[in-house]
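Worksheet: the structure to be examined is printed underneath.
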Amino acid sequence: MDLLEYQAKELFHQVGIPILPSQPIANLSELKHLHIPYPVVLKSQVHSGGRGRAGGIRFVQNTIDAVAAAQAIFSLPILGEYPEVILAEARYDAQEEFFLSILLDYQLQRPVLLGSSRGGIDVETLLKHMHKVVLDQDFSPFYARRLATQMGLKGRLIHGVSAIVEKMYQLFVEKDLDLVEINPLAVSAAGEVMALDGKITVNDTALSRHLDLLSLATPNGENKSNLSPVQMMVQTPSQKPRWVGTSQGEGNVGIICNSWGLTLTTWDLLVHQKSKPACAFVIEEKGSTKSLVKQLGIALEKMLKMPELQVVLINILGNGSTSEMAAQVIADYCQPFVNQQNSEDRLPRPTGTNVPRKRGKPTPTKAEPFQLVIRLIGGNLDKIQETVTFLPIYWLEDLKSAVEKTATLAGSKG
59 MDLLEYQAKE LFHQVGIPIL PSQPIANLSE LKHLHIPYPV VLKSQVHSGG
109 RGRAGGIRFV QNTIDAVAAA QAIFSLPILG EYPEVILAEA RYDAQEEFFL
159 SILLDYQLQR PVLLGSSRGG IDVETLLKHM HKVVLDQDFS PFYARRLATQ
209 MGLKGRLIHG VSAIVEKMYQ LFVEKDLDLV EINPLAVSAA GEVMALDGKI
259 TVNDTALSRH LDLLSLATPN GENKSNLSPV QMMVQTPSQK PRWVGTSQGE
309 GNVGIICNSW GLTLTTWDLL VHQKSKPACA FVIEEKGSTK SLVKQLGIAL
359 EKMLKMPELQ VVLINILGNG STSEMAAQVI ADYCQPFVNQ QNSEDRLPRP
409 TGTNVPRKRG KPTPTKAEPF QLVIRLIGGN LDKIQETVTF LPIYWLEDLK
459 SAVEKTATLA GSKG
């Protein structure tokens with residue numbers, strides 16, 4: 059279960075991670091009795107990324123501006139999701155921005171600390187400066203300081219950032235989290251740190267132990283898109299996902315994920331299974347106006363033209379609406395093979411031949427078409443899966459199973 063920003067910050071506050079004064083707004087009248095002074099920033103509370111460029115984050119100077127901006131934000135869907143709450147928050151003069159994350163590595167069965175000295179929405183630069191510390195023993199402050207040192211921090215910042223990592227880990231353990239992320243962790247001119255945005259993913263199987271977190275699941279945790287995937291494909295701009303490839307030009311596995319952290323984790327898990335990832339496409343959501351639907355379609359199309367790929371693992375982590383959109387894109391791309399299956403005796407497989415033809419583009423050749431392993435969380439996927447049931451597509455909700463299946467199909471496991 060993914061929490062919204064204001065919910066994540068409530069948990070940050072509980073463990074002492076510094077956050078700015080803020081106030082959730084459920085209706086416009088509350089802006090007339092705002093508890094924090096202007097100027098403030100209004101932020102749409104949706105699970106999707108790309109709020110800033112989509113117009114879901116606005117700076118306002120007074121109540122009149124705030125009411126107009128909030129009205130626009132409440133009416134603005136982001137990836138089909140309308141906010142039920144807007145977060146009004148004080149402004150902060152950041153001199154530097156860092157990225158911090160703790161996630162559970164299911165393959166290693168250990169938490170992993172991630173940190174970058176270049177936080178914010180420029181994920182390519184963020185990834186370039188990313189550092190990783192695996193907890194090979196019980197957590198101690200040593201691991202947090204090691205991460206801060208690897209990030210290149212000096213002086214008081216080592217203590218300040220490592221203290222935040224320690225509190226993040228406390229939250230990670232106490233609440234049975236799969237992921238806790240701060241991006242950006244802002245640093246003021248005086249060297250004070252502040253969590254300006256946060257993301258938390260709770261392990262669904264542990265929710266019975268955390269009834270306080272269950273209460274956060276509604277009403278916002280179950281927002282559904284009011285737009286169909288087809289509508290989203292028409293209304294959103296076409297932009298390319300980010301590309302990650304090996305310098306050696308080796309490998310037979312492709313990866314498609316919807317965040318850098320998830321891409322790195324998936325890549326590492328495949329390597330531990332002795333697979334050889336050749337490339338990855340990173341679908342951008344957070345801080346981007348790029349459409350998940352468009353980016354996923356472009357990534358599939360590009361990979362269909364790569365003859366070295368034998369298996370592609372699609373690992374999309376989001377809410378039910380995101381999963382349904384991703385599943386519909388995959389089904390749309392595979393539909394020509396279903397039609398071919400219905401007209402021929404031989405089982406068709408997804409090759410680079412049919413999909414580009416459907417889109418009116420040059421026809422690539424591919425002697426050994428890849429197979430698809432898909433990991434999507436939540437959503438009503440049964441009807442979508444039925445439309446491509448004859449194709450070699452493997453739908454799995456568990457990441458470990460998805461990685462192992464990919465490794466087996468790629469020939470790295472017996």
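So the sequence shown is residues 59 to 472, counted in this note's numbering. No residue lacks a Cβ here, since even glycine has one placed at the ideal position from N, Cα and C. Computed from a predicted structure; not experimentally measured.
(request) Have a look at the DSSP bridge pairing and note the partners of Glu182. (result) Indexing the sequence shown from 1 puts residue 182 at position 124. Partner(s): none; Glu182 has no beta bridge.
(message) Pairs of beta-carbons, one from the region 314–324 and one from the region 359–379, closer than 8 Å: are there three or more?
(response) yes
(request) On the DSSP bridge assignment, give the partners of Ile314 in chain order. (result) By 1-based counting over the sequence shown, the position of residue 314 is 256. Bridge partners of Ile314: Phe339 and Ile372.
(message) Using the Cβ count rule (16 or more neighbours within 10 Å means buried), how would you classify Gly472?
(response) Residue 472 sits at position 414 when you count from the first residue of the sequence shown. Here Gly472 scores only 46 on pLDDT, less than 50, and its place in the model should not be relied on; the value that follows carries that caveat. When all chains shown are included, Gly472 counts as exposed.
(request) Report the three-state DSSP secondary structure of Met226 (helix, strand or coil). (result) Residue 226 sits at position 168 when you count from the first residue of the sequence shown. If DSSP states are grouped into helix, strand and coil, Met226 belongs with the helices.
(request) Under 8 Å by Cβ, that's how I've got Lys90 and Ile144 pegged, so tell me the actual separation to the nearest angstrom. (result) Counting from one through the sequence shown, the residue named residue 90 turns up at place 32. Counting from one through the sequence shown, the residue named residue 144 turns up at place 86. Rounded, the Cβ-Cβ distance is 14 Å, inconsistent with contact.
(message) If contacts are defined as beta-carbon pairs under 8 Å, then Leu158 and Val231 qualify, I think. What distance do you get, rounded to the angstrom?
(response) Here residue 158 refers to the residue found at position 100 when the sequence shown is read from its first residue. Here residue 231 refers to the residue found at position 173 when the sequence shown is read from its first residue. That belief does not hold up - the Cβ atoms of Leu158 and Val231 are roughly 16 Å apart, past 8 Å.
(request) Could you tell me how far apart the beta carbons of Gly256 and Lys67 are, in whole angstroms, since I believe they sit closer than 8 Å? (result) Residue mapping note: residue 256 aligns to position 198 of the sequence shown, counting from 1. Residue mapping note: residue 67 aligns to position 9 of the sequence shown, counting from 1. The pair is a contact, with the Cβ atoms about 6 Å apart (cut-off 8 Å).
(message) For Gly218, list the residues DSSP reports as bridge partners.
(response) To locate residue 218, count along the sequence shown from 1; it is residue 160. In DSSP, Gly218 forms no bridge with anything.
(request) With distances taken Cα to Cα, identify the nearest neighbour of Val170 among Gln228, Pro365, Lys190 and Asp151. (result) Locating residue 170 in the sequence shown gives position 112, where the first residue counts as 1. Looking at the Cα atoms, Lys190 is the closest of the given residues.
(message) Under DSSP, the alpha helix (DSSP H) around Leu205 begins and ends at which residues?
(response) Position 147 of the sequence shown, counted from the start, is the residue given in the question as residue 205. Pro199 to Gln208 is the extent of the alpha helix (DSSP H) around Leu205.
(request) Measure from the alpha carbon of Glu366 to the alpha carbon of each residue in Ala468, Pro79 and Gln165, then state which is nearest. (result) As a first step, residue 366 must be located in the sequence shown, where it is residue number 308. The shortest Cα separation from Glu366 among Ala468, Pro79 and Gln165 belongs to Ala468.
(request) Please report how far the alpha carbon of Ile77 lies from the alpha carbon of Glu63, in whole angstroms. (result) Within the sequence shown, the letter at position 19 stands for residue 77. Within the sequence shown, the letter at position 5 stands for residue 63. Those two C-alpha atoms are separated by around 11 Å.
(message) Using 8 Å as the cut-off, can you tell me whether the region 113–125 makes contact with the region 181–196, which would need three or more C-beta pairs spanning the two stretches below that distance?
(response) no
(message) When you compare the region 354–371 with the region 146–162, are there three or more beta-carbon pairs, one atom per stretch, that lie closer than 8 Å?
(response) no
(message) I'd like to know whether the C-beta atoms of Val351 and Arg300 end up nearer to each other than 8 Å.
(response) Reading the sequence shown from its first residue, position 293 is the one you call residue 351. Reading the sequence shown from its first residue, position 242 is the one you call residue 300. The answer is no: Cβ separation not under 8 Å.
(message) Taking the beta strand (DSSP E) that His189 belongs to, which residues open and close that run?
(response) The residue you call residue 189 lines up with position 131 of the sequence shown. Run containing His189: Met188 to Val192, per the beta strand (DSSP E) assignment.
(request) In angstroms with no decimal places, state the Cα-to-Cα distance between Leu137 and Ile83. (result) Looking up residue 137 in the sequence shown gives position 79. Looking up residue 83 in the sequence shown gives position 25. Distance between the alpha carbons of Leu137 and Ile83: 21 Å.
(message) DSSP three-state label for Ala152, please.
(response) Residue numbering aside, residue 152 sits at position 94 when the sequence shown is read from its first letter. Note: Ala152 maps to coil in three-state DSSP.
(message) Excluding the 5 residues flanking Gln165 on each side, which residues of the same chain have their C-beta closer than 6 Å to its C-beta?
(response) For the purposes of this step, residue 165 is identified with residue 107 of the sequence shown, where counting begins at 1. So the qualifying residues of the chain are Leu327 and His330.
(message) By DSSP's criteria, Gln429 is part of a beta bridge. Which residues make up the other side?
(response) Position 371 of the sequence shown, counted from the first residue, corresponds to residue 429. According to DSSP, Gln429 bridges with Val369.
(request) Take Glu455 and list the residues in its own chain whose beta-carbon comes closer than 8 Å to its own, dropping the five residues that flank it on each side. (result) One-based indexing of the sequence shown puts residue 455 at position 397. So the qualifying residues of the chain are Arg433, Leu434 and Ile435.
(request) Pick helix, strand or coil for Gln81, following the three-state DSSP scheme. (result) On the sequence shown, position 23 is the one that residue 81 refers to. DSSP places Gln81 in strand when its eight states are reduced to three.
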